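Undergrad:
Residue numbers (my numbering): 73 to 380.
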């Protein structure tokens, strides 16, 4: 069974699930999943987890993302992107570069954002976009949004509108099309998202991503090790003799000296990656100090049989 991560540069016009299904078929993987949906009209980085790596999906999904976006200032749509029905049109050419740059900077830090009604958020057991397309009223509550960095890249001036290209690095759950819409609100003009590319997802960037054509040529050689999905987690290598205990989720008892010898420090509730024979086989949680050893309990066991 294949385990690891394939970082796809998802093309336009394809859902994330369609992309995963295609990767799974090409690699003949038994199990695969993505780590955060990209809409069909959004391209870019889509990490596809394979085999036991799918158990790490929450770690990648919770990590920050980065995008290159283009906001169209001068018209708004019901979906907040270029696929929607136009709601309002207004001249935006009076806006100066400094006004736009200042407005973008107001999104920095922790702010509140009302998600778009055309989204996958569940409302009374149904997706919001399903209710919206059925003509039903949808009211979504504001959610916390974290923007770590936002930078104006370029402004293209048209007859009565502006195309504002900017980069943004943000936390999970940020809707960039809503950010584009809200940019217009701050500037007093209608706006929507014209283009969007995800440039980073967790530890993976566009430089790490490959097309379907590249996958066709390289196949398994392009699959990265499972532990690449969690580079920030401290990791310890244990003896192969411990495999039987790990496979059955038994606790491990390790000393401070053992951990320190590999550059790791124990403290309660810390998650530690456990390696055997250079392969990440489990995540363990540090529980308590007993005698002269720390007790670690299984958090996620990634493999159920011998290291392949």
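For each residue, glycine too, the CB sits at the ideal point set by N, CA and C. Note that this is a predicted model, so its numbers are computed, not measured.
#1: Does the contact criterion of 3 or more C-beta pairs under 8 Å hold for the segment 279-293 versus the segment 204-224?
#2: Per the contact definition of three or more C-beta pairs closer than 8 Å, is the segment 361-377 in contact with the segment 313-325?
#3: So, with DSSP's three-state summary, where would you put residue 252?
#4: Does the separation of the CB atoms of residue 373 and residue 318 fall below 9 Å?
#5: Between the Cα of residue 272 and those of 357, 259, 134, spot the shortest distance and give me the residue it belongs to.
#6: Run through the DSSP bridge pairs and tell me what residue 235 is partnered with.
#7: Between the beta-carbon of residue 296 and the beta-carbon of residue 268, is there less than 9 Å?
#8: Check this for me: beta carbons of residue 165 and residue 230, under 9 Å apart or not?
#9: Counting Cβ pairs closer than 8 Å, one from the segment 165-178 and one from the segment 207-215, do we hit at least three?
#10: With a threshold of 16 other CB atoms inside 10 Å of the CB of residue 106, please say whether the residue is buried or exposed.
#11: So, is residue 293 buried or exposed, given that buried needs 16 or more other C-beta atoms within 10 angstroms?
#12: For residue 379, count neighbouring Cβ atoms within 10 angstroms of its own Cβ and tell me buried if that reaches 16, exposed if not.
#13: Measuring only the C-alpha atoms, how far is residue 246 from residue 312?
#14: From the DSSP output, read off the bridge partner residues of residue 351.
#15: Report yes or no: do three or more beta-carbon pairs, one from the segment 120-132 and one from the segment 77-84, lie closer than 8 Å?
#16: Consider the C-beta atom of residue 130 and the heavy atoms of the ligand NAD; say whether any pair is separated by less than 8 Å.
#17: Taking residue 128 as the reference, give the member of 232, 101, 343 with the closest Cα.
#18: Is it true that the CB of residue 148 sits closer than 9 Å to the CB of residue 140?
#19: What separation, rounded to the nearest whole angstrom, lies between the Cα atoms of residue 111 and residue 184?
#20: Given residue 348, which residues of its chain have a CB within under 8 Å of its CB, disregarding the five upstream and five downstream residues?
#21: Check residue 82 in the structure and name its three-state DSSP category.
#22: What does the Cβ neighbour count give for residue 98, buried or exposed, with the cut at 16 atoms within 10 Å?
#23: Quick one: what does DSSP say residue 380 is sitting in, helix, strand or coil?
TA: Straight from the coordinates:
#1: No, because fewer than three Cβ pairs between the segment 279-293 and the segment 204-224 fall closer than 8 Å, the two stretches do not touch.
#2: Cβ pair count under 8 Å is three or more, so yes.
#3: Judged by DSSP in its simplified three-state form, residue 252 adopts helix.
#4: Using a Cβ distance threshold of 9 Å, residue 373 and residue 318 count as a contacting pair.
#5: Per the Cα distances, 134.
#6: Looking at the DSSP assignment, residue 235 forms a beta bridge with 144, 228.
#7: For the 9 Å CB-CB criterion, residue 296 and residue 268 do not form a contact.
#8: Residue 165 is a Cβ neighbour of residue 230, given a cutoff of 9 Å.
#9: Look at the beta carbons and you see the segment 165-178 not touching the segment 207-215: under three pairs across the two are nearer than 8 Å.
#10: Residue environment analysis places residue 106 among the buried positions, since at least 16 neighbouring C-beta atoms fall within 10 angstroms of its C-beta.
#11: With fewer than 16 other Cβ atoms inside 10 Å of its own Cβ, residue 293 counts as exposed.
#12: Unreliable positioning characterises residue 379 in this predicted model, as indicated by a pLDDT of 45, which lies under 50. The coordinate reading is nonetheless provided below. It is exposed - the Cβ of residue 379 has fewer than 16 other Cβ atoms within 10 Å.
#13: Using only the alpha carbons, I get a separation of about 42 Å.
#14: According to DSSP, residue 351 shares a beta bridge with 348.
#15: A contact exists between the segment 120-132 and the segment 77-84.
#16: The model depicted lacks the ligand NAD and carries no ligand whatsoever.
#17: That would be 343, whose Cα lies nearest to the Cα of residue 128.
#18: No, Cβ-Cβ distance for residue 140 and residue 148 is not below 9 Å.
#19: Straight through space, the alpha carbons of residue 184 and residue 111 are spaced by roughly 22 Å.
#20: Closer than 8 Å at Cβ, skipping near neighbours: 309, 310, 311, 312, 314, 315, 318, 379.
#21: Per DSSP, reduced to three states, the secondary structure at residue 82 is strand.
#22: Counting Cβ neighbours within 10 Å, residue 98 comes out exposed, since fewer than 16 surround it.
#23: At residue 380 the pLDDT is 44, less than 50, meaning the model places this residue with poor confidence; the figure from the coordinates comes in the next sentence. Under the three-state reduction of DSSP, residue 380 is assigned to coil, being neither helix nor strand.
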